[in-house]
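Remarks on the structure that follows.
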Amino acid sequence: MTPRDSSTGTDAIAVLRAEAAAAQHALVNMETSPGRIVRAEACPGAGKTRTIVERHLACPAGPRQGRALVSFTKVAGREIRKRCVDEGRPELAQFPHFIGTFDAFVWRHLLRPYLLPKPGKIWQRLEEWSDHPQARRDGAALDDFSFSYGGGVVRISDPQPIIRRLPHRFRRDEEGRQKLTLWAASAMQRLWSQGYLSGDQLRDMALHLLSDAERRKRIARVLLTRFREIVIDESQDCSDEDLRIVDMLRELDIPLLLVGDPDQSIYGFRNLVSLTTAVPETLSGTAPDHRLTHNWRSTQVICDLAHTLRTSNAPCDTAVGPYHAETTPILLLPTTGRKDGEWLGDFGAAAEQLAVPQDQRLVVAHGNSTLPKGLTGTRVPPSDQLGRLIWATAVLRSPGASTRHQERAHKVLREAILRHWYGQPDTPEPVNLAHQGLSPLELQVAEQSVLGALPSLDMPAAEWSRATHSVLTAKAGLLGLVPQVQRAYPCKKHGKAAWQIVGFGAPSSPHVSVGRASTVHGVKGDQADAVLVVIPASTPEDSRSTDLIKAWAEGPVREMPGETGEALRVLYVAATRARRLLAFALEDDHLAMIAAFLTRRGVPFRALREPQQEQLRLSG
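Given below as structure tokens:
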């Protein structure tokens, strides 16, 4: 049942919206019980986060008891807290409730209270290893390696480089990779011995603690006393270890509600090394207890296109939002023999026809290397100090930077400030702040002041370095500090503007003002009026794009495993970010395959053909 025929009028859409509201209301009131996991699936744009908040508002916990609302991004947590405050219920975002990431929940409630202190070892959780200065070297970090158990219970042994994540100079330099791998082995052992851990080690330790019967009873008593239930949003993002932890919580009789969408499961790479051999039966192979299949975000055309990318047997979503009846076709843009600016211009022109503002134009790709460099710069900051400062400034001043890029850029800039004022840090930011007697808020205020005073990135890089040194020194003087960095950072690329040495486009270039740009993983949970999905051309050495297009055009096999299945799900997540306009930029051969496929499936599309820019219109 889809609202395609305008003759059905307002009555038809009113019925559909009533169905959608009823489905949301059912999730708000769904009962959870000890020893059982309740599962709900929600399509993109179904309003699941809003519904979770409504459940939190409408179903208060008992006296002195709270609810844990767990997700996998800080953005989701911030949204839930904001909505509680906006509804006049700020207490629902405070103790005894918990609102935060899965990692933070595991650390605070399953791990930290039960870790015994040891001489010279203070347990510290890192959001990622690159947050520790000693976990970085030559542009790489411990995050760029997978570690094994090595006979123990924690993954800290036998590092293996993840080639696609390493700086380009290491990808074909076997000797360089070997040296970097030796460093990674030593750095991991040293930091682990000091008490530092990150995502994988956090989960391994939690599973280890939960495997002890007596300790498990203590954990259960504390959790059952504090929480009425635990709600996990975006549950499809759970790794194998996460699912095992969830099942152990079920065994402790903690009521659990999992809300997710299997078609948005795009973190399979997290399961490269795992002791968990299978997903617990309680979490696999069973139909969900409830489904939300009404999409308040996208047009029906976009919903129909997204359905062709699904690797599950979920039904096609029904558009019920404000744009449900718009009939803008899917846009296919050729990239063969064309510069980035040309097909970006086509996308911009199509968005302009719909009066979509620039900040609502989103360009996404599976990998950062596929995105136009003028929009994103390099994926990670350079290893030299000047490059890191310029990179952070460029990201924080870029209208197209993703939330993930901005969070990393803030960390880089704060670290540069601490280095200039206090000397080279050898500990993570929280430890360094405690040592210097600074609060996080004081550092954030200093960072904003410095960022506003830094010079234009149009300035030559060497001159920018000197001007930035003056800014940082002047800010230190205002605080009565004697800066430890006495000279401007050296610049090896004297003839280039600052923005050029970190891969960004000119700050004043219309190329940069197309809109936001990010990897698909970086905008998960986000949305925009117009979305352009960039699919890279295949090469003799890399046929993954062709494999992806073939899998899509032939109709995905349900429950498709492996790398191609995950690539389809990444494409699905990308497509479902769009509200009104969805476009794909792809090479000519791939475009022809998808055009033929969409014709067979009856999905309206418009393809631009080179060199005559012929426009082909088809509709179902």
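Everything in the sequence shown is counted per the numbering used here, starting at 53 for the first residue and increasing by one. Backbone N, C-alpha and C fix where the C-beta goes; we use that ideal spot for every residue, glycine too.
Residue 416 is bridged by DSSP to 570 and 585. If you ignore the 5 residues before and after residue 343, its C-beta comes within less than 6 Å of the C-beta of 93, all in its own chain and listed in chain order. Residue 547: not part of any beta strand (DSSP E); DSSP gives it neither H nor E. Counting only the Cα atoms, residue 567 lies some 25 Å from residue 361. Under the three-state reduction of DSSP output, residue 386 falls in the strand class.
Counting the other Cβ atoms within 10 Å of the Cβ of residue 101 gives 16 or more, which makes it buried.
Assigned with DSSP and collapsed to three states, residue 474 falls in helix. Within the model, the alpha-carbon separation for residue 446 versus residue 653 is close to 43 Å. Counted as a single uninterrupted DSSP element, the stretch harbouring residue 316 is not any alpha helix (DSSP H), since DSSP gives it neither H nor E. Between residue 259 and residue 293, the beta carbon gap of about 6 Å places them in contact (Cβ cut-off 8 Å). Taking the Cα positions, residue 476 is about 35 Å away from residue 319.
Listed as beta-bridge partners of residue 248 by DSSP are 176. Take residue 148, set aside five residues on each side of it, and the residues of its chain with a beta-carbon closer than 7 Å to its own are 116, 117, 118 and 278, in chain order. Cβ contact annotation for residue 375 (same chain, cutoff 6 Å, sequence separation greater than five): 351, 631 and 632, in chain order. For residue 211, the enclosing beta strand (DSSP E) covers residues 209-213. Straight-line spacing of the CA atoms in residue 377 and residue 150 works out to 39 Å. Within 10 angstroms of the beta-carbon of residue 463 lie 16 or more other beta-carbons, which makes it buried. By the neighbour-count criterion, in which 16 or more other beta carbons inside 10 Å mark a residue as buried, residue 369 falls on the buried side.
Per DSSP, the unbroken beta strand (DSSP E) holding residue 121 starts and ends at 118-123.
Along the region 340-386, the alpha helix (DSSP H) occurs as fully enclosed runs of 4 or more residues at 352-359, listed in sequence order. In its chain, beyond the 5 residues on either side, 120, 122 and 150 have a beta carbon closer than 7 Å to the beta carbon of residue 157.
Taking a contact to require three or more Cβ pairs closer than 8 Å, the region 381-400 and the region 635-648 qualify as touching. Assignment of residue 463 by DSSP, reduced to helix, strand and coil, places it in the helix class. Bridge partners of residue 90 according to DSSP: 309. Judged by pairs of C-beta atoms under 8 Å, the region 136-143 does not touch the region 168-179, as fewer than three such pairs exist.
Secondary structure note for residue 637: its beta strand (DSSP E) is the uninterrupted segment 630-638. Inter-segment contact for the region 435-446 and the region 499-518 is present: three or more beta-carbon pairs are separated by less than 8 Å. Burial check for residue 497: the Cβ neighbour count within 10 Å stays below 16, so the residue is exposed.
Shortest Cα-Cα distance from residue 232 to any of 243, 246 and 213 involves 213. If the five residues before and after residue 145 are omitted, its C-beta is found closer than 8 Å to the C-beta atoms of 132, 133, 136, 137 and 151, all from its own chain and listed in chain order. No Cβ-Cβ contact shorter than 8 Å links residue 569 with residue 543. For the pair residue 579 and residue 629, the CB atoms are nearer than the 8 Å cut-off. By the neighbour-count criterion, in which a residue is buried when 16 or more other Cβ atoms sit within 10 angstroms of its Cβ, residue 174 is exposed. With fewer than 16 other Cβ atoms inside 10 Å of its own Cβ, residue 536 counts as exposed.
In the three-state DSSP reduction, residue 96 falls in the coil class, being neither helix nor strand.
As the crow flies, the alpha-carbon of residue 636 is around 55 Å from that of residue 266.
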